[in-house]
Amino acid sequence: MRVGILTAGGDSPGLNAAIRGFGKCAIGAHGMELVGFRDGIRGLAENRTVPLDSSALSGILTIGGTLLGTSRDKVHRMVVDGQTRDMVPTIVENYEKDGLDALVMLGGGGTAKNALRLANAGLNVVTLPKTIDNDIAMTDTSFGFATALEIATDAIDRLHSTAHSHHRIILAEIMGHRAGWLALGAGVAGGADVILLPEIPYSIDRIVETIQARTERGSRFSVVAVAEGARSIKDAGEIQAAQAWIREADSSEGKAAAKRHLAQVEDSHRENTFQLARELESRTGLESRVTILGYVQRGGTPCAMDRLLATRLGSAGAQLVADGEFGVMVAARGEDTLAVPLTEVAGKTKLVPQDHSWVQAARQVGTGLGD
Ligand code: F6P
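Everything in the sequence shown is counted per numbering that gives the first Met the number 0, starting at 0 for the first residue and increasing by one.
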């Protein structure tokens, strides 16, 4: 069998470990031939390939990023020479020209949507779940999350030093897109005093109360873990209204207009964490600072848990390809791996349930959640 492989969406620790896990098993155990596509969907559409033999897979387990490169393109709406084009037919042509029997795509929610479109166009596709956000539906977790969690937790630990030495409020903005897993996990593990999540819109009054209660107890500092998607009750209401407009739009023009409106609303919230810091400073009298953790959370060597997960899911993916099981994502479920149809993954997001055990634990130790 001749199999193509690519990495798509944001880079993430564990991508190379998963390429290696899939490749070693595909080549060694199943005698397959492996071809990499450069720069994700873009390289697939432009048919930029690189042969991946056993030696190319050696020494990459611990390396961050992706040796193949990545991009955030969509198969059905790619900007080529200034024009937005549907590249699905071109991709199908390339797949046939390259003599592929299957295509393995490593990525998150956006990649699942791309993969489903390609599967519907007749390609034999398998995906592996990658994202630091932990927001992919139907899998317990994704590689990249455990490493990012370690990095964000370490950052919160370090921010405590300055917060308590200078009697400041420090807001650490943590990635996660529209889900709060990373901020919640790092906030609980790092002992943040307040954790703000997209799933629990916050009231500034409640945050001020939590911080003032700490001051009264003699702790004149606070560390606030802010998920990048966390919003005040008012701002969350604006987003929900914009999302409802998208759902209810009954024409493609209407949907496009509604999506543009949502993008504008989200853009107007861009400085959210800084605004919150200013408001907290004026209401508590404590100097407030913001630290945006940013891409630091996605970089560097994967932790042991991510290497294990990537190797486990990668080799399970090779087995699925060998068995001819396509149109699926390899999911982690407890200690097992299972094949979940892409139709159950694409277009869905796994958010933090309000009653999740991490949320309950945060509340029980007195962490403020802004509600
Ligand atoms: O999905 C991973 C992620 O790092 C999100 O947490 C974040 O919102 C987004 O990617 C940032 O995207 P970009 O790499 O395009 O800036």
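Where a beta carbon is used, it is the ideal one built from N, C-alpha and C, also for glycine.
Excluding residues up to 5 positions away in sequence, T6, D10, L14 and N15 lie with their Cβ nearer than 7 Å to the Cβ of T65 in the same chain. Judged by DSSP secondary structure, T48 falls within the beta strand (DSSP E) whose first and last residues are T48 to L51.
Between A309 and F142, the C-beta gap is smaller than 7 Å, which places the two residues in contact. Looking at the DSSP output, G106 bridges to P128. Taken atom to atom, the span from the alpha-carbon of P128 to that of L337 is near 12 Å. Taking every protein chain shown into account, the CB of Q359 has fewer than 16 other CB atoms within 10 angstroms, so this residue is exposed. Sequence-distant Cβ neighbours of T152 in its own chain, meaning closer than 6 Å and more than five residues away, are A185, A188 and G189. In this structure, the C-beta of D97 stays at least 6 Å away from each heavy atom of the ligand F6P.
Counting only runs of at least 3 residues, the stretch 177 to 202 fully encloses the following beta strand (DSSP E) elements, listed from N- to C-terminal order: 193 to 195.
In the structure shown, F142 adopts extended strand secondary structure according to DSSP, grouped into three states. T130 has its CB nearer than 6 Å to a heavy atom of the ligand F6P. With a cutoff of 6 Å, H165 does not count as near the ligand F6P, since its C-beta is closer than that to no heavy atom of the ligand. In this structure, the straight-line span from the alpha carbon of A255 to that of T83 is close to 14 Å.
For the pair V320 and L170, the Cα-to-Cα distance works out to about 45 Å. M137 sits close to A330, with the two beta carbons spaced by under 7 Å.
Taking 3 residues as the shortest admissible run, the stretch 329 to 370 contains the following complete beta strand (DSSP E) segments, listed from N- to C-terminal end: 335 to 340.
Its chain contains L183, G186, V187, I194 and L368 as the residues whose beta carbon lies nearer than 8 Å to that of A361, once the 5 sequence neighbours on both sides are disregarded; these appear in chain order. At a cut-off of 6 Å, the beta-carbon of H176 counts as near the ligand F6P: some heavy atom of the ligand is closer than that. For G9, the CB falls within less than 6 Å of some heavy atom of the ligand F6P.
Linking T126 to D72 through their CA atoms gives a straight-line distance of about 16 Å. Here V79 is exposed, its C-beta having fewer than 16 other C-beta atoms within 10 Å.
Three or more beta-carbon pairs drawn from the stretch 203 to 221 and the stretch 270 to 290 are found closer than 8 Å, and the two stretches are therefore classed as touching. Contact annotation: L285 and I150 have beta-carbon atoms that are not nearer than 7 Å. Residue pairing by DSSP places R76 in no beta bridge whatsoever. Looking at Y94, G253, E172 and D134, the one whose alpha-carbon comes closest to that of A118 is Y94.
Membership of G22 in the alpha helix (DSSP H) is indicated by the continuous run L14 to K23. The C-beta of A212 has fewer than 16 other C-beta atoms within 10 Å across all chains shown, which makes the residue exposed. For the pair A111 and L312, the CB atoms are not nearer than the 7 Å cut-off. Per DSSP, the beta bridge partners of I291 are E172. In chain order, S11, G143, F144, A147, M174, L181, Q296 and R297 place their CB closer than 7 Å to the CB of I131, counting only its own chain and leaving out the 5 sequence neighbours on each side. Secondary structure at L285: coil, using DSSP grouped into helix, strand and coil. Linking I135 to G42 through their CA atoms gives a straight-line distance of about 24 Å. Beta-carbon to beta-carbon, G299 and G8 are separated by about 18 Å, too far to satisfy the 8 Å threshold.
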